[in-house]
Each structure stands twice: as C-alpha cells, then as structure tokens.
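Novice:
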Amino acid sequence: MNETNPKTYRRILLKLSGEALQGERGFGLDPKVVGSIAAQVLEVHRSGVEIAIVIGGGNIFRGVKGSTEGMDRTTADYMGMLATVMNCIAMQDALEQAGGEVRVLSAIPMQELCEPYIRRKAMRHLEKGRIVIFAAGTGNPYFTTDTAAALRGMEINAEVLLKATKVDGVYDKDPMAHDDAVKFETIDFHDALTRNLKVMDATALSLAMDNALPICVFKMSEPGALKRVVDGDAVGTLVHAKS
Ligand code: GTP
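Just add 1063 to the spot in the sequence shown (first one is 1) and you have the working numbering.
1) For the beta strand (DSSP E) that contains Cys-1177, what are its first and last residues?
2) Does the region 1245-1261 come into contact with the region 1228-1237, if we say contact requires no fewer than three beta-carbon pairs (one atom in each stretch) closer than 8 Å?
3) Report the three-state DSSP secondary structure of Val-1148 (helix, strand or coil).
4) For Val-1117, list the residues DSSP reports as bridge partners.
5) With distances taken from CA atoms, which of Gln-1085, Ser-1110, Arg-1136 is nearest Gly-1098?
6) Residue range of the beta strand (DSSP E) that Lys-1226 falls in?
7) Decide yes or no for the touch test of the region 1181-1194 against the region 1163-1171: beta carbon pairs closer than 8 Å, at least 3 of them.
8) Do Ala-1213 and Leu-1224 have their C-beta atoms within less than 8 Å of each other?
9) Mind reading off the beta-carbon distance from Ile-1278 to Lys-1226? Whole number of angstroms is fine, and I expect it under 8 Å.
10) Please find out if some non-hydrogen atom of the ligand GTP comes closer than 7 Å to the beta-carbon of Lys-1191.
11) I want to know whether the region 1196-1204 touches the region 1271-1290 - three or more CB-CB distances under 8 Å.
12) Cβ of Glu-1113 within 7 Å of any heavy atom in the ligand GTP?
13) I need the straight-line Cα distance from Phe-1090 to Asn-1203, nearest angstrom please.
14) When we look at the beta-carbon of Arg-1109 and count the other beta-carbons within 10 Å, is it buried (16 or more) or exposed?
15) So, helix, strand or coil for Thr-1067, using DSSP?
16) When the Cα of Ala-1139 is compared with those of Ala-1255, Phe-1124, Pro-1179, Ala-1102, which residue comes out closest?
17) In chain order, what residues of the same chain lie with their CB nearer than 8 Å to the CB of Glu-1218, ignoring the 5 residues before and after it?
18) Check Pro-1286 in the structure and name its three-state DSSP category.
19) With DSSP as the reference, please indicate the residues paired to Arg-1166 in a beta bridge.
20) For the alpha helix (DSSP H) holding Asp-1209, just list the boundary residues, first then last.
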C-alpha cells in the first residue's frame, strides 16, 4: 500500500481473461480491444504503480473444453498454455506501441520469443519500471491461469490480485440469469469458497486465501475502471482474509 493514500496499491497483479481480448469477435484477438486495455494499463503504470499481468488463453484454445471433446487433458492444457503466449505477445505489442516498456516471461521456455520465467528477473524488471507479462500459465497442466495469477501474485509480493471479468463484481447468484442477484462490496475468502461464488476456481482461491493475497473482481471494459480500482475507489468486489 501507498503511505500517502493507504487505499491505493503500489504493485498489482492484473489477471485478464483471454476472452477479454476478443471483443465482439467471438474468437481470437481484436487489436482495438487489446489497444484499449493496454491504454488503461499504461494510465495506471504512468501513475507509478508496478504492474504484472497474467492472461488466459480461452479466446484461442481452452484446455478443459478440448479434454471434454475427447483430447487428452494434459495435451489440451499444454495447447491452452501456448494460446496464452500469443495473447501475451499481442499485449506486449500493444503496450510497446503505446510507449510502454514490457518484458514477457514464459513458464515454458521459448527463448526466441520471450524470456524464461525467473522470479528474480521478474522482480528486477518491475523495480526498473517495466510492465511484466507472465506467459504459459504455471507451466503445468491441470492448473488454470487464475491459479497462475495467484501464484505469480504471491511470488512477486503483489499487494492485490485484480481479476478483470465481464461482470462488475461478485454476486450471490448469477446476475446474468437473476434480476435480484445482490453484489458484494467485500466478502471473505472462506465465504466465497463455501458459497461456491465462482470468484475463481477453488485451487486459485484457496492459494490466495492461505497466503492472504486479496482479490478484487471488477469489470475492466468500463473506461477508467482499472485506475479507479487502483485509486481505492469502491469498484467491484474485494475478496479478503477475515479481519
Ligand atoms: P536489465 O539487464 O535488468 O536492464 O534487463 P533487460 O531486459 O533490459 O536486459 P537484457 O539484456 O536481459 O534484455 C534485453 C532485451 O532482450 C529485452 O527486450 C529482453 O526482453 C530481451 N531478452 C532477454 N532475455 C531474452 C530471452 O531469453 N529470450 C528473448 N526472446 N528475449 C530476451
């Protein structure tokens, strides 16, 4: 946290879903959408916040779906990890075109494309004012990119994991299906887990809970949303340890 405003954050881990990059296309990447997300990231970065990003791959290939359609789960998950790398490279490109300095670090080494994931390198890049993007999830099958976000968030000592979603927070039931769904401003980890509120998958959520890494779930497609979250405005839902 920042000493002058204790509600603002100094180092964040931003989790973007792959679908967030596809816009209205239903598949793949929409460079305009990637560019507008990059603009929000840079706005926050220029205000002095250290930013690391984890991106999913569901806009290109989803491992779980592949396995339900007959593929070997491990193989499908590795394909999903490769899909995240494409998204990360696209985000690096958009951020750099807008003037940002970016390093992509991959959990699966592919040195012609990006650096291998080395925690100490990641920390150094952040300290030097670079935006760091973590590619290829955790590098292991059976783990989601939400789990990768929780893991990397803890490894780099992020103060918060910001999970950008299509909805503006965590609700007691699906707000798309129920008009009377009620949004939580805050909720503790235990309640989020036991009520199965689908903040993140259980592995990611328990990892964050065990290590007291708060999660803020918010809707990034609203202009300026990321800045408001980082400035400590009451945006989205904060999932936190019991006080
Ligand atoms: P510092 O030395 O800490 O300032 O970091 P740096 O990233 O600027 O220096 P480095 O010499 O490590 O990297 C220079 C450029 O090469 C950067 O754009 C890196 O992202 C890139 N780079 C470094 N290592 C690799 C790698 O293993 N593979 C690829 N593809 N690029 C790399």
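Glycine is no exception: its CB is placed at the ideal position from the N, C-alpha and C atoms. If you're wondering where the values come from, they're calculated on a predicted model, not measured in any experiment.
Specialist: Straight from the coordinates:
1) No beta strand (DSSP E) holds Cys-1177; DSSP gives it neither H nor E.
2) Yes: at least three Cβ pairs fall under 8 Å.
3) Three-state DSSP puts Val-1148 in a helix.
4) The partner list for Val-1117 (beta bridge, DSSP) reads Lys-1078, Phe-1197.
5) When only C-alpha atoms are compared, the closest one is Gln-1085.
6) DSSP places Lys-1226 in the uninterrupted beta strand (DSSP E) bounded by 1223-1228.
7) In short, these stretches touch, since the Cβ pair count reaches three.
8) Cβ distance < 8 Å, so Ala-1213 and Leu-1224 count as in contact.
9) Right, the Cβ-Cβ distance comes to about 6 Å (below 8 Å), so this counts as a contact.
10) Yes; taking the cut-off as 7 Å, the Cβ of Lys-1191 has a heavy atom of the ligand GTP nearer than that.
11) Contact fails: fewer than three Cβ-Cβ distances are below 8 Å.
12) No, the ligand GTP has no heavy atom inside 7 Å of this Cβ.
13) Between Phe-1090 and Asn-1203, the C-alpha separation is close to 24 Å.
14) Per the 10 Å Cβ criterion, exposed.
15) Here the model assigns Thr-1067 a pLDDT of 49, short of 50, so the residue's position is not dependable and the matter cannot be decided.
16) Checking every option, the nearest Cα to that of Ala-1139 belongs to Phe-1124.
17) So the qualifying residues of the chain are Arg-1182, Ala-1185.
18) Here Pro-1286 sits in coil by DSSP.
19) According to DSSP, which records beta bridges pairwise, Arg-1166 is partnered with Val-1195.
20) In the DSSP annotation of this structure, the continuous segment of the alpha helix (DSSP H) that includes Asp-1209 starts and ends at 1208-1218.
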